[in-house]
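Anchor point for the sequence shown: position 102 equals 102 in the UniProt record's numbering, and the numbering is continuous, going up by one each time.
For glycine and all other residues, C-beta sits at the position ideal for the given N, C-alpha and C.
Have a look at the structure below, then the notes.
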Amino acid sequence: MSSNHSPLYATRIDLAETIRIQTIAILNQTLASTIDLQTQVKQAHWNVKGHNFYQLHLLFDAMATELEEFVDMVAERITALGGYALGTARIAAKQSELEEYVFDAVEGMDHIAALADRFAIFAKSIRQNIHQTADLGDADTTDLYTEVSRAIDKRLWFLEAHLQTSAIHTQAHSIAAYTFGVV
Ligand SMILES: [Fe+2]
Numbered sequence: 001m002s003s004n005h006s007p008l009y010a011t012r013i014d015l016a017e018t019i020r021i022q023t024i025a026i027l028n029q030t031l032a033s034t035i036d037l038q039t040q041v042k043q044a045h046w047n048v049k050g051h052n053f054y055q056l057h058l059l060f061d062a063m064a065t066e067l068e069e070f071v072d073m074v075a076e077r078i079t080a081l082g083g084y085a086l087g088t089a090r091i092a093a094k095q096s097e098l099e100e101y102v103f104d105a106v107e108g109m110d111h112i113a114a115l116a117d118r119f120a121i122f123a124k125s126i127r128q129n130i131h132q133t134a135d136l137g138d139a140d141t142t143d144l145y146t147e148v149s150r151a152i153d154k155r156l157w158f159l160e161a162h163l164q165t166s167a168i169h170t171q172a173h174s175i176a177a178y179t180f181g182v183v
């Protein structure tokens, strides 16, 4: 079954069929990418080496668990809309917006950088989905995407905090100017 030919069930939900069809398609795309990302984070959890092994092993596991909850949330929004959730490993591999994981990653920073790249792509996609579903008029799915977006941005910060060793001074100055009204 392709994602273009998944069934739509009759439902008493008060959202138009055209809205449901488009929203379900967006959600199934997210489902594939989220499953892919979750398994890639688990890959990092298992294979990370180096002197930060244990803290990263734990961090990656917490991130994978969070993504697993999002997988379920996205899939069950699809079914709540009368759609068919397309969430097997094969479909995820075929439909995901992400590249395959980097198999030569060994040390902690290799995994951090690889995951930060993928979280950034995923975060961008989720933010686009906020606007797409808002335009379609499904506020609940928009709310779901906003919740996921906030969590993914936070995880991107967690990852990048390992990589950010010095501030870009001009940007830091601009933030201070906005905040305190100093130029
Ligand atoms: Fe584990």
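How long is the line joining the alpha carbons of residue i and residue j, rounded to whole angstroms?
i, j, result
"isoleucine 112", "threonine 39", "15 Å"
"aspartate 100", "alanine 25", "The sequence given here places glutamate at residue 100; aspartate does not occur at that position. Rounded to whole angstroms, glutamate 100 to alanine 25 spans 22 Å at the Cα level."
"tyrosine 145", "alanine 44", "25 Å"
"methionine 109", "threonine 23", "37 Å"
"glycine 87", "leucine 98", "15 Å"
"leucine 67", "arginine 155", "11 Å"
"lysine 124", "alanine 75", "20 Å"
"valine 41", "valine 102", "11 Å"
"leucine 163", "aspartate 135", "36 Å"
"alanine 89", "alanine 62", "21 Å"
"isoleucine 91", "alanine 85", "11 Å"
"aspartate 140", "tyrosine 54", "38 Å"
"glutamate 69", "phenylalanine 122", "16 Å"
"arginine 20", "alanine 161", "39 Å"
"glycine 181", "leucine 159", "31 Å"
Sort the options by Cα distance to residue i and report the nearest one.
i, options, result
"histidine 57", "Ala93, Glu107 and Ala116", "Glu107"
"glutamine 132", "Arg118, Asp14, Thr30 and Trp157", "Thr30"
"isoleucine 35", "Lys42, Gln55 and Val71", "Val71"
"alanine 114", "Ile78, Asn47, Arg90 and Tyr9", "Asn47"
"leucine 27", "Asp117, Ile126 and Ala151", "Ile126"
"tryptophan 157", "Ala116, Gly50, Lys124 and Gly83", "Ala116"
"threonine 18", "Asp138, Ala161, Phe53 and Thr142", "Asp138"
"arginine 118", "Ile78, Ala176 and Asp153", "Asp153"
"leucine 15", "Ile78, Gln128 and Leu37", "Ile78"
"alanine 10", "Thr65, Arg90, Phe60 and Gly83", "Gly83"
"threonine 65", "Leu37, Ala105, Thr141 and Ala89", "Leu37"
"residue 192", "Thr165, Met73, Lys94 and Thr141", "Outside the displayed range of the chain (1 to 183) lies residue 192, so it cannot be described from this structure."
"threonine 142", "Asn52, Met73 and Ala177", "Met73"
"alanine 151", "Lys49, Ser6 and Ala120", "Ala120"
Can you round the beta-carbon distance between residue i and residue j to whole angstroms, since I take them to be within the 8 Å contact cut?
i, j, result
"serine 149", "isoleucine 130", "6 Å"
"leucine 59", "isoleucine 13", "Wrong, their Cβ atoms sit about 38 Å apart, outside the cutoff."
Mind checking if residue i is an interface residue toward chain B, Cβ cutoff 8 Å exclusive?
i, result
"alanine 151", "The structure shown contains no chain B; it is built from a single protein chain."
Ignoring anything shorter than 4 residues, give me the alpha helix (DSSP H) runs that lie fully in the UniProt domain "Ferritin/DPS" (24–165), in order along the chain. 53–80, 89–95, 108–136 and 139–160
Below 6 Å from a heavy atom of ligand 1 - residues by beta-carbon: His45 and Asp61
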